[in-house]
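These notes concern the structure reproduced below.
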Amino acid sequence: MSGTGDREREIITCGGVSQAVWFVAWPTVVNTLIQTAYNLINRLFLGGLPDSDKAQAALGIGWSVLNIEFCLISGMSAGTAALVARFIGARENENAVEATRQSLILGAAAGILCSIPLIVWAEPMVRGVGAVPDVAKLAAPYLAIIGGFSIFPFLHMVVTVALRSAGDVRHPLYAGAVMIALNTLLDWLLILGPGPLPSYGVIGAAAATVASRFIGTALILFYLYRSNLRDSLSHFKPNFDWFGRIMNIGWPATIQGVLWGIGFIAYIRIMSYLPNATAAQAALTVGLSIEAICYMPGVAYSTAATPLVGQNLGAGQPDRAQRCSWVAAWHAAAIMTGVAVLFLVIPHYLAAPFTDSKEVLALIVSYLRVAAPSEPFLAVGMVLAGALQGAGDTRMPTAIEFLVNWPIRLTLAWLLTFVVGMGALGAWVAMTASTITYGLLIIAWFKTGRWKTVRV
Numbered sequence: 028m029s030g031t032g033d034r035e036r037e038i039i040t041c042g043g044v045s046q047a048v049w050f051v052a053w054p055t056v057v058n059t060l061i062q063t064a065y066n067l068i069n070r071l072f073l074g075g076l077p078d079s080d081k082a083q084a085a086l087g088i089g090w091s092v093l094n095i096e097f098c099l100i101s102g103m104s105a106g107t108a109a110l111v112a113r114f115i116g117a118r119e120n121e122n123a124v125e126a127t128r129q130s131l132i133l134g135a136a137a138g139i140l141c142s143i144p145l146i147v148w149a150e151p152m153v154r155g156v157g158a159v160p161d162v163a164k165l166a167a168p169y170l171a172i173i174g175g176f177s178i179f180p181f182l183h184m185v186v187t188v189a190l191r192s193a194g195d196v197r198h199p200l201y202a203g204a205v206m207i208a209l210n211t212l213l214d215w216l217l218i219l220g221p222g223p224l225p226s227y228g229v230i231g232a233a234a235a236t237v238a239s240r241f242i243g244t245a246l247i248l249f250y251l252y253r254s255n256l257r258d259s260l261s262h263f264k265p266n267f268d269w270f271g272r273i274m275n276i277g278w279p280a281t282i283q284g285v286l287w288g289i290g291f292i293a294y295i296r297i298m299s300y301l302p303n304a305t306a307a308q309a310a311l312t313v314g315l316s317i318e319a320i321c322y323m324p325g326v327a328y329s330t331a332a333t334p335l336v337g338q339n340l341g342a343g344q345p346d347r348a349q350r351c352s353w354v355a356a357w358h359a360a361a362i363m364t365g366v367a368v369l370f371l372v373i374p375h376y377l378a379a380p381f382t383d384s385k386e387v388l389a390l391i392v393s394y395l396r397v398a399a400p401s402e403p404f405l406a407v408g409m410v411l412a413g414a415l416q417g418a419g420d421t422r423m424p425t426a427i428e429f430l431v432n433w434p435i436r437l438t439l440a441w442l443l444t445f446v447v448g449m450g451a452l453g454a455w456v457a458m459t460a461s462t463i464t465y466g467l468l469i470i471a472w473f474k475t476g477r478w479k480t481v482r483v
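For the sequence shown, our numbering begins at 28 and goes up steadily by one.
Written as structure tokens, this is what we have:
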């Protein structure tokens, strides 16, 4: 097995552009679709519980906090992605191995450090987000259980990004598929408690997530051991020069992610002041899960754009890197636009399986309809942001993320929700407006071409 073999490198840097995009993208598309299916199944299981709206809201509250951790993971791995892809493209495999090794050290340390506050201050965190007491009782232990084992997602993401950046896109797919299949089985057993088994509800969902992450992390480390990056699993010695190189790229992406995560918490907090706060938060949780059907292909093509750009820049082919980026962006836009049409045509059918509350159902339907026009802009913005990450250009996307999430989304959400009196619909409109703005600004920056000369 070769994760950094000549075949993968040649396809990415020398083959047809559409072939290269599809070669990198299709396993990631499949993996993200599987992940989306799992998220939907998870919500369906919770929908079968008594007081399902509280369970859905608790999950949404818990993940609004965990999203900050995920943003830290994604930001740190941005440096890994850019460096490994650039080194592989330049045929500097020893440097690619060292970048992976130092990223593993950083990931393990960050995972351990993140777990402490998530265990100790879980309840104040969920209350700070805006959870009402009944929801907080469910959300706090959910957050503490998942957060207590943060080392697993940190390590899993670092290895996945390293393998993908080296051109090995299939084995992360296999590890992800096993993890999600196991998670789905455990959700059924632990959330619902079929037959004589007890039902653990939201706590069962948390336990299922931790167990499946452990297996997924072990499997992805096994694939790393069998790849040409295997030497990264030995001679662990922190190197602060390498830490600096990784985080020089990663810190803007980390800040970008944290800004988004805190902004989302503030967005949830705004909705907590609504008279129907629990229903609105439950609708947002389910609405985002359904919307993931649409935007996960964008995530996949964004992930694919990172090694495509990084390896081609490493090979001295900036124009090819640009062509790959646009092809990936238009592929994602075509898919996401097609799915968004369903949000306009059959939103009731998409939302009905997740709740038996007419109020929550109506809010989910309104969310999907309002979100639909933003999906093409989100697609292109996501993919080009992934391309910029592959080039190591993470500073301007961070500035754009701040502008979109704080001055635009949150201000507009407050004005439309409370000043204009639109309620939850105002929050939906604010999100759509900010998403369209994000896509347009990322496109404008990408077209300047300054990312082609970024040094890593």
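Beta carbons are placed, not taken as given, at the ideal position from N, Cα and C, and that holds for glycine.
- Per DSSP, the unbroken alpha helix (DSSP H) holding Gln349 starts and ends at 345-372.
- If you check the CB distance, Ser192 and Gly337 come in under 9 Å.
- In chain order, Cys321, Tyr322, Pro324, Gly325, Glu402, Pro403, Leu405, Ala406 place their CB closer than 8 Å to the CB of Met363, counting only its own chain and leaving out the 5 sequence neighbours on each side.
- Ranked by Cα distance from Pro265, the first of Arg128, Cys98, Asp80, Ala418 is Arg128.
- Ser329 sits away from Ala399, with the two beta carbons spaced by 9 Å or more.
- DSSP places His262 outside any alpha helix (DSSP H), giving it a letter other than H or E.
- For Met449, the three-state secondary structure derived from DSSP is coil.
- Pro302 sits in coil when the DSSP states are folded into three classes, being neither helix nor strand.
- Residue state for Ser45 is assigned as helix, using DSSP reduced to three classes.
- According to the DSSP assignment, Tyr252 belongs to the alpha helix (DSSP H) that extends over 228-252.
- Secondary structure at Gly284: helix, using DSSP grouped into helix, strand and coil.
- Taking a C-beta distance under 9 Å as the contact criterion, Val483 and Ala109 qualify as a contact pair.
- A straight-line Cα-Cα distance of about 7 Å links Ser104 and Met184.
- Between Ile115 and Gly194 the beta-carbon gap is near 7 Å, inside 8 Å, which marks them as a contact.
- Sequence-distant partners of Ala379 (beyond 5 residues in either direction) whose C-beta falls short of 7 Å from its own C-beta, in its chain, are Leu388.
- In this structure, Asn69 lies near Ser316, with their beta-carbon atoms less than 9 Å apart.
- Taking one beta carbon from each stretch, the segment 390-398 and the segment 346-362 have fewer than 3 pairs nearer than 8 Å; the two do not touch.
- Fewer than three beta-carbon pairs drawn from the segment 245-264 and the segment 212-227 are found closer than 8 Å, and the two stretches are therefore not classed as touching.
- Residue state for Lys474 is assigned as coil, using DSSP reduced to three classes.
- Ala135 is positioned such that its CB atom lies no closer than 9 Å to that of Ile297.
- Between Ser384 and Asp80, the C-beta spacing is below 9 Å.
- Lys81: member of the alpha helix (DSSP H) spanning 79-116, first to last residue.
- The distance from the Cβ of Leu390 to that of Ala319 is about 17 Å, inconsistent with a contact at the 8 Å cut-off.
- The way I'd put it, the segment 447-456 does touch the segment 285-302; three or more beta-carbon pairs between them come closer than 8 Å.
- When Cβ pairs closer than 8 Å are counted between the two stretches, the segment 141-153 is seen not to touch the segment 364-379, the count staying below three.
- In this structure, the straight-line span from the alpha carbon of Gly89 to that of Leu165 is close to 9 Å.
- In the three-state DSSP reduction, Leu377 falls in the helix class (H, G or I).
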